[in-house]
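Residue numbers (my numbering), protein chains in the order written: chain A, 1 to 396; chain B, 1001 to 1239.
Ideal placement from N, C-alpha and C gives every residue a C-beta, glycine not left out.
Since we're looking at a predicted model, the values are computed, not measured.
Remarks on the structure that follows.
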């Protein structure tokens, strides 16, 4: 089937599944990506041709799930928590978004499962910080029903324990979802939204008025976030601190390493940081020798921050490259976290992008309205023909 | 129109933009601040401006669907401007379709809110009441509403439905929903031994899949049906 026909089919599915969200689809030559500001899903042409519409519809359904229920970015705690919090939430939000899509569109479950299978099969996992292992396990629903999780990989024992400890909380997070039918008591929603949700939101988002359904969505996002904050984040933080101590100990082994680490921090080069600290995670030993000094800890923390900036920089859908599809559904591409280079690195959004993202919906609607006005109309007298009789005759 | 102008009538011009523009322009003078009509087709007598007085309670209203609906003409900006009070009604969404279907099957009117005040809906005589007792019918109605809304949006987007060479867009209106329910009712009445789900599948096949003009379009419709859990590949009625 021709690519344009496939793309048209996919675009129709996008319009249908998103309903009034107006997510459109466009072809991309090199990678998958989702532009939340313009609400465009970029589909890698080769995958559309080779894997077909159902696979791509699975990716689409996943993004639709995020679009409809993922709201953690609105909350002050997330904004103040920095990159690690966002990485963790991005990871645990995946199962939540997919559960929602499965509830709302039961048929889409199979599509998403197909994508998951391909992603899990193709994602190579290499040495990386425990924190990232943990996030990967969260994104892959480790320990949750119907998921293979980190099966086939060999995460450190501390990560296994952390995943086990947080299983109940992650499970709770994944099902903290608005009811599919939309029937929620308006008074109760309004009371909780004003009393609990609204005060926790960032000042800019507090100013934007929203409708009843959006309040419902945010309310459930808030409930989910509280579960993550109290029961998942502390465990993740413990692993993160362990990673920092491990890097610090490694840097303390030789003065040259410390200097190189400081240089990487000064030039803010995540790839350099990744290369430098890679050996710290190659060792199988969990124990650390002498406690590292404050200087080493500070440098290690800065290096870790740089390293994590690679993770948030990766586009939501990951790259289309088969060897790096670990990032395809919003999961982390772990082997690249410590890889030698990251050719398609993205940077954290600047103020322009943040501003654009805030008004993107209105810009989109304005563009649609302008296109509508400019579209040439056919006059009544130019109409010809009637619908074919075959349109109405079909077998049962 | 002359009678309404003189005798305190209200005139409603339904589907205004289905009329030819030159017919619409005939009403220009009636839409002025001081309405006026010269009956050139009759006896050249005038209403207003020195002719027969226009009743002060004379009112004129019009309704229309968006111009992208088939057969509608686009009103000129000047003509639109003559109509001073506007009320835009947004397209129905999933919740509205679900309420419509529940009204048809259970006779339950939805609760509505006007200017912040809620009005509880009553219970009337359902058009397709024979379906109300079927187990799981309410969930089916929910899935059908979701699917119909999805399909309508897909058709409206104009990217994958409709014959692109002939530039004919597909339109799935509320009539299709009614047809599906009526068909299901007929199947239940005439083939009592048949599971109602079979009747529903046949109805969906007949009124949705059957309208697809080509294989690609049929695939899109089938996938949207599957997604909603009422398709040829997936039958799962969610809550």
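Closer than 6 Å by C-beta to residue i: which residues in its own chain qualify, once you throw out the five before and the five after it? Chain order, please.
| i | result |
| --- | --- |
| residue 233(A) | none |
| residue 6(A) | 48, 53 |
| residue 262(A) | 299 |
| residue 171(A) | 144 |
| residue 111(A) | 54, 57, 58, 61 |
| residue 323(A) | Low local confidence applies: a pLDDT of 33 at residue 323(A) is under 50, so the model's placement there is unreliable, with the coordinate-based value given in what follows. Here the set comprises nothing. |
| residue 159(A) | 130, 133, 134 |
Output the boundary residues of the alpha helix (DSSP H) element that contains residue i.
| i | result |
| --- | --- |
| residue 1023(B) | 1021 to 1025 |
| residue 75(A) | Counting along the chain, residue 75(A) falls outside any alpha helix (DSSP H), and DSSP gives it neither H nor E. |
| residue 998(B) | The question about residue 998(B) has no answer, for chain B in this structure spans 1001 to 1239. |
| residue 1157(B) | 1137 to 1157 |
How long is the line joining the alpha carbons of residue i and residue j, rounded to whole angstroms?
| i | j | result |
| --- | --- | --- |
| residue 247(A) | residue 258(A) | 10 Å |
| residue 116(A) | residue 54(A) | 13 Å |
| residue 1080(B) | residue 1022(B) | 14 Å |
| residue 1219(B) | residue 9(A) | 8 Å |
| residue 223(A) | residue 216(A) | 11 Å |
| residue 71(A) | residue 1008(B) | 56 Å |
| residue 1015(B) | residue 1065(B) | 7 Å |
| residue 36(A) | residue 23(A) | 9 Å |
| residue 296(A) | residue 128(A) | 19 Å |
| residue 139(A) | residue 95(A) | 7 Å |
| residue 210(A) | residue 1056(B) | 43 Å |
| residue 69(A) | residue 1034(B) | 54 Å |
| residue 332(A) | residue 91(A) | Any reading at residue 332(A) needs caution, since the residue's pLDDT is 30, under 50, leaving its predicted position unreliable; the model's value is listed next. Using only the alpha carbons, I get a separation of about 8 Å. |
| residue 46(A) | residue 29(A) | 7 Å |
| residue 1092(B) | residue 1177(B) | 13 Å |
| residue 1138(B) | residue 1102(B) | 8 Å |
| residue 1012(B) | residue 87(A) | 59 Å |
| residue 78(A) | residue 11(A) | 33 Å |
| residue 109(A) | residue 1094(B) | 20 Å |
| residue 1174(B) | residue 1145(B) | 10 Å |
| residue 200(A) | residue 276(A) | 39 Å |
| residue 32(A) | residue 174(A) | 25 Å |
| residue 1228(B) | residue 13(A) | 12 Å |
| residue 1048(B) | residue 218(A) | 58 Å |
| residue 1063(B) | residue 135(A) | 56 Å |
| residue 198(A) | residue 1060(B) | 46 Å |
| residue 190(A) | residue 75(A) | 18 Å |
| residue 147(A) | residue 168(A) | 15 Å |
| residue 310(A) | residue 51(A) | 28 Å |
| residue 1041(B) | residue 1071(B) | 27 Å |
In or out: residue i buried (at least 16 other Cβ within 10 Å) or exposed?
| i | result |
| --- | --- |
| residue 133(A) | buried |
| residue 101(A) | buried |
| residue 1225(B) | buried |
| residue 105(A) | buried |
| residue 1010(B) | exposed |
| residue 1119(B) | exposed |
| residue 59(A) | buried |
| residue 1125(B) | exposed |
| residue 62(A) | buried |
| residue 1217(B) | buried |
| residue 166(A) | buried |
| residue 327(A) | Residue placement at residue 327(A) is flagged as unreliable, the pLDDT there being 32, under the threshold of 50; the coordinate-derived value follows with that caveat. It counts as buried. |
| residue 1043(B) | exposed |
| residue 212(A) | exposed |
| residue 220(A) | buried |
| residue 992(B) | For chain B, the structure presents residues 1001 to 1239; residue 992(B) sits outside this window and is missing. |
| residue 1230(B) | buried |
| residue 99(A) | buried |
| residue 1086(B) | exposed |
| residue 4(A) | exposed |
| residue 2(A) | exposed |
Kindly list the residues whose CB is nearer than 8 Å to the CB of residue i, restricted to its own chain and excluding five residues on each side of it in sequence; keep chain order.
| i | result |
| --- | --- |
| residue 1184(B) | 1128, 1131, 1196, 1199, 1200, 1203 |
| residue 1191(B) | 1199 |
| residue 229(A) | 77 |
| residue 1223(B) | 1231 |
| residue 1233(B) | 1222, 1226 |
With a CB to CB cut of under 7 Å and the five nearest residues on each side skipped, what residues in its chain are close to residue i?
| i | result |
| --- | --- |
| residue 386(A) | Confidence at residue 386(A) is low in this model, with a pLDDT of 39, below 50, so the placement of that residue should be treated as unreliable; the coordinate-derived value is given next. Excluding positions up to five away in sequence, the list is empty. |
| residue 1221(B) | 1151, 1208, 1209, 1212 |
| residue 368(A) | none |
| residue 155(A) | 133, 137 |
May I ask which residues mark the beginning and end of the beta strand (DSSP E) holding residue i?
| i | result |
| --- | --- |
| residue 1118(B) | 1117 to 1119 |
| residue 1211(B) | It is not in any beta strand (DSSP E) - residue 1211(B) carries neither H nor E in the DSSP assignment. |
Original post:
Counting only runs that start and end within the stretch 31 to 106 of chain A, where is the beta strand (DSSP E) found for 3 or more residues in a row?
Top reply: 33 to 35, 40 to 44
**OP:** Any chance you could list the beta strand (DSSP E) runs of at least 3 consecutive residues sitting entirely within the stretch 1005 to 1052 of chain B, in chain order?
**Re:** You should have 1010 to 1013.
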